[in-house]
Amino acid sequence: MQVKSFFLALLLVFSPVVLAESSNTLREVKREKLTMLGVPLPQREGETEEQQVYIEQGKYLVELLGCASCHTDGVLRGAPDMERQLAGSSVGIALANPTEVARPAVAFPSNITPDNETGIGRRTDEQLHLAIRHGIVPGGASQLPIMPWPVYAGLTDDDLRSIVAYLRAIKPVRHKVPAAVKRGQKHPFDYVYFGIYYSDRSMLEEDPLP
Ligand code: HEC
69 MQVKSFFLAL
79 LLVFSPVVLA
89 ESSNTLREVK
99 REKLTMLGVP
109 LPQREGETEE
119 QQVYIEQGKY
129 LVELLGCASC
139 HTDGVLRGAP
149 DMERQLAGSS
159 VGIALANPTE
169 VARPAVAFPS
179 NITPDNETGI
189 GRRTDEQLHL
199 AIRHGIVPGG
209 ASQLPIMPWP
219 VYAGLTDDDL
229 RSIVAYLRAI
239 KPVRHKVPAA
249 VKRGQKHPFD
259 YVYFGIYYSD
269 RSMLEEDPLP
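Below, the structure written as structure tokens:
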């Protein structure tokens, strides 16, 4: 009995140390990997070691979750503008069936660099958390229809903190994206259709397949 409680006490004393050790090792490995890939990490003067770890983790998450595939100009045309990474897209996205809707509603992925006028510079952390995890934007009539926030709903507070730390650390780019267009309105800008369209073969007049 005494031996048992001794081991229990030992475990309680050492487990936080072991956990802290393993998360430090994880960070080291991550840092090494990023350096190996030659990815230039954003760095600002006066950043603490802790902030730097959050920024690195945020960069990893933003790349993994494909934020740039919508939020960078040119990607939707197949020619990303690397000077304007994450600075918003002037090609919009319509979430509609092109064979059914002639003039769909179109949204333009926002500039998510920290520019004060055209980007997220003036958004609070709380507002950014709401936008990323719940699709709610200040002044927005409804939840973002195109941004895949339901996929991001499972992000932990720590993940969100990392993503926001990274977005605030990248270069601010002045780039105003067009305002969203309502369904039925004339479209002054280019856009792509997103979605999966079901084809009911029994409805086809002629079966195109042999
Ligand atoms: C499928 C395309 C798509 C992807 C992927 C995507 N977004 Fe978005 N996002 C949008 C669109 C479109 C809007 C603007 C919608 C509108 O204005 O109605 C938006 C809006 C936002 C906003 C709100 C900006 C503001 O004005 O406050 C933030 C923040 C944001 N996205 C962050 C992210 C982050 C971070 C990721 C990756 C984790 C991401 N988005 C991935 C399409 C996307």
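Those letters in the sequence shown? Residues 69 to 278, by this note's numbering. Where is the CB? At the ideal position from N, CA and C, for every residue including glycine. From a predicted model like this one, the values you see are computed outputs, not experimental measurements.
For the putative contact between residue i and residue j, defined by C-beta atoms under 8 Å, what is the C-beta separation to the nearest angstrom?
i, j, result
"Val174", "Ala155", "That belief does not hold up - the Cβ atoms of Val174 and Ala155 are roughly 19 Å apart, past 8 Å."
"Val241", "Arg152", "6 Å"
"Asp149", "Gly160", "With 8 Å as the limit, Asp149 and Gly160 do not qualify as a contact, their Cβ atoms being about 16 Å apart."
"Thr181", "Ser157", "About 13 Å separates the two Cβ atoms, so there is no contact after all."
"Ile200", "Tyr220", "6 Å"
Does the ligand HEC have a heavy atom nearer than 7 Å to the CB of residue i?
i, result
"Ala233", "no"
"Asp264", "Strictly speaking, residue 264 in this sequence is Ile, with Asp absent from that position. No, since every heavy atom of the ligand HEC falls outside the 7 Å radius drawn around the Cβ of Ile264."
"Ile214", "yes"
"Leu144", "no"
"Ala147", "no"
"Phe176", "yes"
"His139", "yes"
"Leu196", "yes"
"Leu133", "yes"
"Ile238", "no"
"Arg191", "yes"
"Tyr128", "no"
"Tyr220", "yes"
Check residue i in the structure and name its three-state DSSP category.
i, result
"Val245", "coil"
"Val279", "The requested residue 279 is not part of the displayed model; the chain covers only 69 to 278."
"Tyr285", "Because residue 285 is not part of the residues shown, which for the chain are 69 to 278, the question remains open."
"Val22", "Since the first residue shown for the chain is 69 and the last is 278, residue 22 is missing from the structure and cannot be characterised."
"Ala173", "coil"
"Ala162", "strand"
"Tyr261", "strand"
"Pro108", "Legend: pLDDT at Pro108 = 49, less than 50; position of this residue unreliable, value from coordinates given subsequently. Reduced to three states, the DSSP call for Pro108 is coil."
"Trp217", "helix"
Tell me the residue span of the alpha helix (DSSP H) that contains residue i.
i, result
"Ala233", "Asp225 to Ala237"
"Val143", "First-last for Val143: undefined, no H or E at that position."
Compare the beta carbon distance of residue i and residue j with 8 Å and say whether it is the shorter of the two.
i, j, result
"Gly255", "Arg190", "Sequence inspection shows His at residue 255; the Gly mentioned does not correspond to that position. No. Outside cutoff."
"Gly203", "Gln195", "no"
"Tyr234", "Gly134", "no"
"Gly263", "Ala164", "yes"
"Ser230", "Leu129", "yes"
"Val260", "Leu144", "yes"
When the cut-off is 8 Å and only beta carbons count, does residue i lie next to chain D?
i, result
"Glu194", "No chain D is part of this structure, which consists of one protein chain only."
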